[in-house]
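Participant:
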Amino acid sequence: MKRLLVLLFAGWFAASLSVFADPSVSATDGGLPPGLLKEYLGKRPSVHLIDPQQLLAEHHRNEFLRVLDAHAADSQVDVHVYLLADGQSPPGEAAVGEFIGRAFAADPPSVLVYYVLGAPELARMHVSPRIGRSVAPGLLAAMLKGCVAVALEQERPNRQLEAFIDMLVVRVCSMERLLDSGKVAAPDALVPRSEDAATSNPEWEQIVAEAKRHALWLAERPWPVFAVLVSLGAIVLLWVSRRLLSTHLFPPIEVRRRLGAPHAADVGVVIAFSNPKLPPAMQREDPGV
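Each residue of the sequence shown is one higher than the one before, starting from 309 at the first, in this note's numbering.
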């Protein structure tokens, strides 16, 4: 009887805790550390890469933040990537659904990704209500599948995350057109139109993502690029000036003297005439000469 009372009291105490628990945190938290639940399911983040466990080195975190911030500056759709450690699982659908409905109901539309560092296949993508009304679930699943496939081609966790974010940014930019059209995208929207055929190729999408990342890198470092361009221009200008101002000297060649030789001109002709008044042709056969 005493044991039964203890069990009943424990159950009542647990129920009371659940009643007064923080409503922003659901029980289906995916096994996240209790002290970090609010970081993953609390309020709308002010940054685009959320790493409360400090899983990334600072320079890697800053690099990924630059890519996501540049995307946010050019796009109407925000992308928020939440990082989890290897061995942790993303929050459950119920917890994330409640979180999105509370924190992401207003614009701008957003895409949330819970990414397990070192295990891209465990990533989960969620969207704000506006995107959910405009884009079919099949398209969202295909977007996530493409990003995971590109990430799995890499071996190192940092490279996997880099490939995942690059591809995610490209896919979100393509999805943004569906929001602008105001139409609900059916699963057949995965079939590209003629003008989008190039971007539907995963290899081409990866090239575009790499080009965008390198362009961002160059934009942040203008002086080295400027120095390289100035050096190349100086080299070309020096080469052209040397070509235009160069003096060509012929090599010295000794030429033998030809005058007075046996085969020279005037051999056998009259060089003196008896009568200067007559033409030379009339005096050539003159026996008196």
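Cβ atoms here follow ideal geometry from the backbone N, Cα and C, with glycine treated the same way.
Remember, it's a predicted structure, so these values are computed and weren't measured experimentally.
Kindly indicate which three-state DSSP category GLU406 falls into: helix, strand or coil?
Facilitator: Three-state result, GLU406: helix.
Participant: On the DSSP letters alone, give me the boundaries of the alpha helix (DSSP H) that HIS556 sits inside.
Facilitator: It is not in any alpha helix (DSSP H) - HIS556 carries neither H nor E in the DSSP assignment.
Participant: With the cut-off set at 8 Å, would you say LEU364 and LEU392 are in Cβ contact?
Facilitator: Contact flag unset, no.
Participant: Check whether the region 408-426 and the region 464-480 are in contact - that is, three or more C-beta pairs closer than 8 Å.
Facilitator: Short answer: they touch.
Participant: State the Cα-Cα distance for the pair CYS481 and TRP547, rounded to the nearest angstrom.
Facilitator: So the two alpha carbons sit approximately 45 Å from each other.
Participant: Which residue wins for smallest C-alpha separation from LEU448, given the options GLU429, VAL419, ASP474, VAL458?
Facilitator: The option with the nearest alpha carbon to LEU448 is VAL419.
Participant: Does the beta-carbon distance from LEU373 to VAL355 come in below 8 Å?
Facilitator: Yes. Within cutoff.
Participant: Counting only the same chain and skipping the five closest in sequence on each side, list residues whose C-beta sits under 7 Å from that of PRO331.
Facilitator: Annotation note: pLDDT 37 at PRO331 (below 50); position unreliable, no value reported.
Participant: Measuring CB to CB, does LYS351 end up less than 8 Å from ALA411?
Facilitator: Going by C-beta atoms, LYS351 is nearer than 8 Å to ALA411.
Participant: Compare the C-alpha of MET451 against each of GLU461, LEU476, SER442 and name the closest.
Facilitator: Nearest C-alpha to MET451: LEU476.
Participant: Which first and last residues belong to the beta strand (DSSP E) in which VAL388 is found?
Facilitator: Here the sequence assigns His to residue 388, which means Val is not the residue at that position. Run containing HIS388: 386-392, per the beta strand (DSSP E) assignment.
Participant: In angstroms with no decimal places, state the Cα-to-Cα distance between HIS556 and ARG564.
Facilitator: If you take the alpha carbons of HIS556 and ARG564, they lie about 24 Å apart.
Participant: Helix, strand or coil: how does DSSP classify SER442 here?
Facilitator: It is helical.
Participant: Helix, strand or coil for SER539 per DSSP?
Facilitator: It is helical.
Participant: What separation, rounded to the nearest whole angstrom, lies between the Cα atoms of PRO360 and LEU344?
Facilitator: Roughly 7 Å separates the two Cα atoms.
Participant: Looking at the strands, I want to know which residues DSSP matches up with HIS599.
Facilitator: The structure shown has nothing for residue 599, since the chain only spans 309 to 597.
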